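See structure below.
Below, the structure written as structure tokens:
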């Protein structure tokens, strides 16, 4: 691509989005620049504190359990109290709890505070996703979610490499650094990001859409199509979580340092930063039904190849494989969740979706710790390949039941979720001939690193 063509591509990718989005984007970037706990918790407990892989898995699982507990509550808060208050409470609580965690030495205290960190850090996710859906036009959402994910990984790429070297010097410095950056994120939200929650009249007046009035958690659970997406999301998340719980423990057991792991896993963030936007522009005219299947296989077998890695370069190459799956999945899935959600119930739907990732964050460390301790890391990577194959089969079965473009259901029709009126077609719509991604089912996300 020529320099002029590259410049035009960048301008088209960033133009036309509201100012509020860019402040939210900035807060996301600031938050991820301080990322440390989720990435280095397992290494901190095994290498610095000398605990077993099973104990490290237990603590990280409690961190995930905190996210499970808070996901649905945060979703309800997002709908009832508003997006901005939920984010401020969540980010301030995260900053305090992360700082406290750095000073804990007793194993029970570490586990208890890690649970609190998981609750606080996960609570902002439904609010962030719902606010982006509120402030961005439906036709721009895929692009907006892609840019937000790009910011997440720009911060992740910098923080992973930098935090690895910080950990060599002091893990406490890493905890305090994350606390400071999270607090700065809350300041940005407080100063620059206005509340975006639609009023009752605005929601009810959405063109033909279900306003979401009367939406309860039971409503979400009865939405079969949405819950199918949630279930498959859990399987995919279970695979991707191994990059942050199983991989560091396995590399540590093989004699690699925390900086080695930080360097290897930073490849994931760097590739996403470089490729996310151009790949999004490429796949938006491809059949997402096929991309769901292919990306699931790439994720599973990308981790499966880790069994053959014996050097930092080897680990980095396997990370490249599953990163491709992440890049393909990430930008469109958030748009799918929004399209399947009623305007007035976006928080609850986002909370349920977030819970699938939190549940995976709970199960994945337990799975990795037990498998590595009892059977060895090779069995863990083999299990990832099996799960990827199962997810691909699940997506194949799911998309078989989705209507083609000709069978698209009006957004005002009988979807239990109350599809977003701005889409013009039900999120389940697919087009094998390459229809625009705004009218077709979205791929599931990669590792949930949303701020």
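Numbering (the numbering used here), first residue to last: 476 to 926.
Ideal Cβ positions, reconstructed from N, Cα and C, are used throughout, including at glycine.
Note that this is a predicted model, so its numbers are computed, not measured.
Checklist entry - In terms of residues, what are the limits of the alpha helix (DSSP H) holding residue 604? => result First-last of the alpha helix (DSSP H) with residue 604: 599-610.
Next on the checklist: Helix, strand or coil, according to DSSP, for residue 762 in the structure here?
Outcome noted: Here residue 762 sits in coil by DSSP.
Next on the checklist: Residues in the same chain with beta-carbon distance under 6 Å from residue 630, minus the five sequence neighbours each way, listed in chain order, please.
Outcome noted: Result list for residue 630: 504, 507 and 508, in chain order.
Checklist entry - What is the DSSP secondary structure of residue 784, counted as helix, strand or coil? => result Assigned with DSSP and collapsed to three states, residue 784 falls in coil, not helix or strand.
Checklist entry - Between the beta-carbon of residue 512 and the beta-carbon of residue 583, is there less than 8 Å? => result No, they are not a contact pair.
Checklist entry - Are three or more beta carbon pairs between the segment 514-529 and the segment 540-550 nearer than 8 Å? => result The segment 514-529, when compared against the segment 540-550, does not touch it at the 8 Å Cβ threshold.
Checklist entry - Taking the Cβ atom as the reference point for each residue, do residue 559 and residue 670 lie within a distance shorter than 8 Å? => result Their beta carbons are under 8 Å apart, which means residue 559 touches residue 670 by this criterion.
Checklist entry - Under a Cβ-count criterion, where at least 16 other Cβ atoms within 10 Å of its own Cβ denotes burial, should residue 515 be classed as buried or exposed? => result Counting of Cβ neighbours within 10 angstroms places residue 515 among the buried residues, the total reaching 16 or more.
Next on the checklist: Just to confirm the assignment, what range does the alpha helix (DSSP H) spanning residue 535 have?
Outcome noted: Annotation: the continuous alpha helix (DSSP H) that includes residue 535 extends over 528-555.
Checklist entry - Should residue 826 be labelled buried (16 or more other beta-carbon atoms within 10 Å of its own) or exposed? => result Using a 10 angstroms sphere on the CB of residue 826, the tally of other CB atoms reaches 16 or more, which defines it as buried.
Item to check | Rounded straight-line distance, which links the Cα of residue 832 to that of residue 703 | outcome: Counting only the Cα atoms, residue 832 lies some 14 Å from residue 703.
Checklist entry - With distances taken between CB atoms, is the gap from residue 607 to residue 623 smaller than 8 Å? => result Yes.
Next on the checklist: What would DSSP say about residue 524, mapped onto helix, strand or coil?
Outcome noted: Three-state result, residue 524: coil.
Checklist entry - Does DSSP put residue 801 in a helix, a strand or coil? => result Helix.
Checklist entry - With respect to the alpha helix (DSSP H) encompassing residue 815, which residues constitute its N-terminal and C-terminal limits? => result Secondary structure note for residue 815: it is in no alpha helix (DSSP H), with a DSSP letter that is neither H nor E.
Next on the checklist: I need the DSSP call for residue 511, collapsed to helix, strand or coil.
Outcome noted: Three-state DSSP puts residue 511 in coil, outside helix and strand.
Checklist entry - Does the segment 832-851 come close enough to the segment 732-747 that 3 or more CB-CB pairs lie under 8 Å? => result Under the 8 Å Cβ criterion, the segment 732-747 does not count as touching the segment 832-851, having fewer than three qualifying pairs.
Checklist entry - Which of the three DSSP states, helix, strand or coil, is assigned to residue 691? => result Three-state result, residue 691: coil.
Next on the checklist: Just to confirm the assignment, what range does the alpha helix (DSSP H) spanning residue 700 have?
Outcome noted: It spans 699-715 - the alpha helix (DSSP H) in which residue 700 sits, taken as one unbroken run.
Checklist entry - For residue 454 versus residue 839, is the C-beta distance shorter than 8 Å? => result With the chain running from 476 to 926 in the structure shown, residue 454 is simply not present.
Item to check | Beta-carbon spacing of residue 594, residue 541 below 8 Å | outcome: Between residue 594 and residue 541, the C-beta gap is smaller than 8 Å, which places the two residues in contact.
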